[in-house]
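A.B. asks: Have a look at the structure that comes next, please.
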Amino acid sequence: MVIGAGGLGSAALQYLAAAGVGDTDAGAGDTDADDAGHLGIVDGDSVSLTDLHRQILYTQADIGELKVVKAQAYLRRFNPRTRTKTYPFWLRTHNLLDILSGYDIIIDASDNFGTRYMVDDACRLMGKAIVYGSVSRFEGQVGVFHMQGSPGYWASFPDPPHPSSILSCDEAGVLGVVAGITGNLQALEAIKIATGLGQPLTGKILSFQALYHEFYDISSPDDTSRKAGPQDLESFLTWTYPDGCNQVPD
Amino acid sequence: MSIKVLLFGQIMDLTQCPSLTLEDLPDTDSLKDILLERYPALSTLPFVVSLGKKAISTNTPLSPASVVALLPPFSGG
Chain U
1 MVIGAGGLGS
11 AALQYLAAAG
21 VGDTDAGAGD
31 TDADDAGHLG
41 IVDGDSVSLT
51 DLHRQILYTQ
61 ADIGELKVVK
71 AQAYLRRFNP
81 RTRTKTYPFW
91 LRTHNLLDIL
101 SGYDIIIDAS
111 DNFGTRYMVD
121 DACRLMGKAI
131 VYGSVSRFEG
141 QVGVFHMQGS
151 PGYWASFPDP
161 PHPSSILSCD
171 EAGVLGVVAG
181 ITGNLQALEA
191 IKIATGLGQP
201 LTGKILSFQA
211 LYHEFYDISS
221 PDDTSRKAGP
231 QDLESFLTWT
241 YPDGCNQVPD
Chain A
251 MSIKVLLFGQ
261 IMDLTQCPSL
271 TLEDLPDTDS
281 LKDILLERYP
291 ALSTLPFVVS
301 LGKKAISTNT
311 PLSPASVVAL
321 LPPFSGG
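Okay, structure coming up:
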């Protein structure tokens, strides 16, 4: 499941499809893919002109169209056997658990803190691995959370930032190639988890600084409890999540 | 005793450099105090402190050749 078909999701989806994720012999272009491996894509947003420098699944002809629809069409052109399932709406506590239940690996390619904390809590409670990614200007972060009991996003960033303390996405800007590199690193981690190859970034955050060619990883704190968050799925459903860089739209 | 401090995100924007070298600091709280004195705007930014590539949440002694990194959260996708 790729959460967010923006800059990170555009890169990750292409390389996941190229690696054969969702490629089955069950029939070309089948979107009713509950019974087999497939790529899930969730995003309620539409393509904008200002997205195109980093969201390379789309062209100017796609402006105004739902991203998940155009992403699915791109992946079908790339490989008609790639099975996808799209969710053209915003994630909320009331719909998230049901959506995530059909997937083994969750790629957080979202663009706001509210969604990040919400997905982190859901995956902690459901025991699902997250491949986290985020970008700002010339830097990216990638990590693997909730895998084999490893800590989550909140462990390193326990307090959601106040919106005024972090540059908004519009203010900060993102160099498109940095989003591409970061999304590719997320695809790489997902493939490693799915295949068992190598050692994923479990419990770590890898920070990539493009201007000074610095790759630096840090391990999360050891404490894997989350006393300040929802403790069960029932309380998750009514939990309130913060708004961050982009408010989670209604 | 030299302490290398790696800086990321908006913190690097504040300092205008990707790293700093600071001298004679006994612990991570002392390091944060010095940085806040030099860069008061740092007090408004959230960030995680790592020592030797391990995130820490409490004051921790520094040793010669310690490498500290300050990593803010990003939201963009």
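Residue numbers (the numbering used here), protein chains in the order written: chain U, 1 to 250; chain A, 251 to 327. Using N, Cα and C, we set each Cβ at its ideal position, and we do this for glycine too. In this text the structure is predicted, and so the values were computed from the model without any measurement.
1) Under a CB-based cut-off of 7 Å, is A:S293 close to chain U?
2) Using a Cβ-Cβ cutoff of less than 8 Å, which residues in the same chain neighbour U:D232 once the five nearest sequence positions on both sides are dropped?
3) Spatial neighbours of A:P323 within its chain, please: C-beta separation below 7 Å, excluding the five flanking residues on both sides.
4) Do we get a CB-CB distance below 7 Å when we pair A:G327 with the residues of chain U?
5) Determine, using beta carbons only, whether A:L301 comes closer than 7 Å to chain U.
6) Please state the DSSP three-state secondary structure of U:K85.
7) Please list, in chain order, the chain A residues whose beta carbon lies closer than 9 Å to that of U:L8.
8) Hey, would you say U:G198 sits closer than 7 Å to U:K192, going by beta carbons?
9) Ordered along the chain, which non-local residues of its own chain (more than five positions away) have a Cβ less than 7 Å from that of U:E253?
10) Look up A:P311 in the DSSP assignment and say whether it is helix, strand or coil.
11) In this structure, does DSSP put U:A28 in helix, strand or coil?
12) Shortest alpha-carbon distance to A:S307 belongs to which of A:L275, A:L270, A:L321 and A:Q260?
13) Do U:L237 and U:T115 come within 7 Å of each other at the CB atom, strictly closer than that value?
14) Does U:H213 pass the burial test, meaning 16 or more other C-beta atoms within 10 Å, or should it be called exposed?
15) So what's U:G133 in DSSP terms, helix, strand or just coil?
16) Any beta carbon from chain U within less than 7 Å of A:S321's own beta carbon?
17) Among U:N95, U:A73, U:S10 and U:G173, which has the Cα closest to the Cα of U:E234?
18) Looking only at C-alpha atoms, which of U:G4, U:I3, U:I105 and U:S10 sits nearest to U:V177?
19) Quick one: residues in its chain with C-beta nearer than 6 Å to the C-beta of U:D216, no 5 flanking neighbours on either side, listed in chain order?
20) Is there a Cβ of chain A sitting closer than 7 Å to that of U:Y58, yes or no?
21) Whole angstroms are fine: how far does the CA of U:I130 sit from the CA of U:V144?
22) Would you give the residue range spanned by the alpha helix (DSSP H) that U:F145 belongs to?
23) Using a Cβ-Cβ distance under 7 Å, would A:S307 count as near chain U?
24) Could you pull the DSSP bridge partners for U:Q186 from this structure?
25) For U:S219, go through chain A and note every residue whose CB falls closer than 9 Å to its CB, in chain order.
26) Which residue marks the beginning of the beta strand (DSSP E) containing A:L256, and which one marks its end?
27) In the DSSP output, what is U:E214 paired with across the bridge?
28) For the candidate residues A:Y289, A:T278 and A:S300, whose alpha-carbon lies nearest to that of A:C267?
29) Check the Cβ-Cβ distances between U:P242 and every residue of chain A, and say whether any is below 7 Å.
30) Given this structure, state the Cα-to-Cα distance separating U:G196 from U:E189, to the nearest angstrom.
C.D. replies: According to the data block:
1) As a first step, residue 293 of chain A is located in the second sequence; it is residue number 43 there, counting from the start. Output row for A:S293: interface = no.
2) Your numbering for residue 232 of chain U matches position 232 in the first sequence. Taken in chain order, the residues that qualify are L125.
3) Reading the second sequence from its first residue, position 73 is the one you call residue 323 of chain A. Excluding sequence neighbours, A:P323 sits near P296.
4) Position 77 of the second sequence, counting from 1, holds the residue named residue 327 of chain A. Closer than 7 Å: yes.
5) Along the second sequence, one-based indexing puts residue 301 of chain A at 51. Not an interface residue.
6) Residue 85 of chain U sits at position 85 when you count from the first residue of the first sequence. Looking at U:K85 - three-state DSSP - the assignment turns out to be strand.
7) Numbered from 1 along the first sequence, position 8 holds the residue referred to as residue 8 of chain U. Going along chain A in sequence order, the residues near U:L8 (Cβ under 9 Å) are G326 and G327.
8) The count along the first sequence starts at 1 and reaches residue 198 of chain U at position 198. The count along the first sequence starts at 1 and reaches residue 192 of chain U at position 192. Result yes, Cβ atoms of U:G198 and U:K192 sit closer than 7 Å.
9) Past the edges of chain U, shown from 1 to 250, lies residue 253 of chain U, and the structure says nothing about it.
10) The residue given as residue 311 of chain A occupies position 61 in the second sequence. A:P311 falls in the strand class under three-state DSSP.
11) For the purposes of this step, residue 28 of chain U is identified with residue 28 of the first sequence, where counting begins at 1. Any reading at U:A28 must be qualified, since the residue scores a pLDDT of 42, below 50, and its modelled position is unreliable; the value itself is stated next. U:A28: coil per DSSP, three-state reduction.
12) Taking the first residue of the second sequence as position 1, residue 307 of chain A is located at position 57. The candidate whose alpha carbon is nearest that of A:S307 is A:L321.
13) If you number the first sequence from 1, residue 115 of chain U lands on position 115. If you number the first sequence from 1, residue 237 of chain U lands on position 237. Not closer than 7 Å, so no.
14) By one-based count along the first sequence, residue 213 of chain U stands at place 213. Classification of U:H213: exposed, given that the 10 Å Cβ count is below 16.
15) The residue you call residue 133 of chain U lines up with position 133 of the first sequence. U:G133: strand per DSSP, three-state reduction.
16) Your numbering for residue 321 of chain A matches position 71 in the second sequence. Residue identity check: residue 321 of chain A is Leu in the sequence provided, not Ser. A:L321 counts as touching chain U.
17) Against the first sequence, residue 234 of chain U aligns to sequence position 234. Checking every option, the nearest Cα to that of U:E234 belongs to U:N95.
18) For the purposes of this step, residue 177 of chain U is identified with residue 177 of the first sequence, where counting begins at 1. Of U:G4, U:I3, U:I105 and U:S10, the residue nearest in Cα terms is U:S10.
19) Indexing the first sequence from 1 puts residue 216 of chain U at position 216. Going by the sequence as given, residue 216 of chain U is Tyr instead of Asp. So the list reads S207, once near-sequence residues are dropped.
20) What you label residue 58 of chain U is simply residue 58 of the first sequence in a count that begins at 1. Judged by the 7 Å Cβ criterion, U:Y58 is not in contact with chain A.
21) Within the first sequence, the letter at position 144 stands for residue 144 of chain U. Within the first sequence, the letter at position 130 stands for residue 130 of chain U. Cα to Cα, U:V144 sits roughly 6 Å from U:I130.
22) As a position in the first sequence, residue 145 of chain U is number 145, starting the count at 1. Unbroken run through U:F145 is the beta strand (DSSP E), E139 to F145; no alpha helix (DSSP H).
23) Locating residue 307 of chain A in the second sequence gives position 57, counting from the first residue. Interface residue, yes.
24) Residue 186 of chain U sits at position 186 when you count from the first residue of the first sequence. Paired residues: none, contrary to the question.
25) Position 219 of the first sequence, counting from 1, holds the residue named residue 219 of chain U. Chain A residues near U:S219: S300, K303, K304 and A305.
26) Taking the second sequence and counting its residues from 1, one reaches residue 256 of chain A at position 6. First-last of the beta strand (DSSP E) with A:L256: S252 to L257.
27) Position 214 of the first sequence, counted from the start, is the residue given in the question as residue 214 of chain U. Per DSSP, U:Q209.
28) Indexing the second sequence from 1 puts residue 267 of chain A at position 17. For the residues A:Y289, A:T278 and A:S300, the minimum Cα distance to A:C267 belongs to A:Y289.
29) Start at 1 with the first residue of the first sequence, and residue 242 of chain U comes out as number 242. So, not an interface residue.
30) The residue labelled residue 196 of chain U in the question sits at position 196 within the first sequence. The residue labelled residue 189 of chain U in the question sits at position 189 within the first sequence. If I take the Cα positions, the gap works out to 10 Å.
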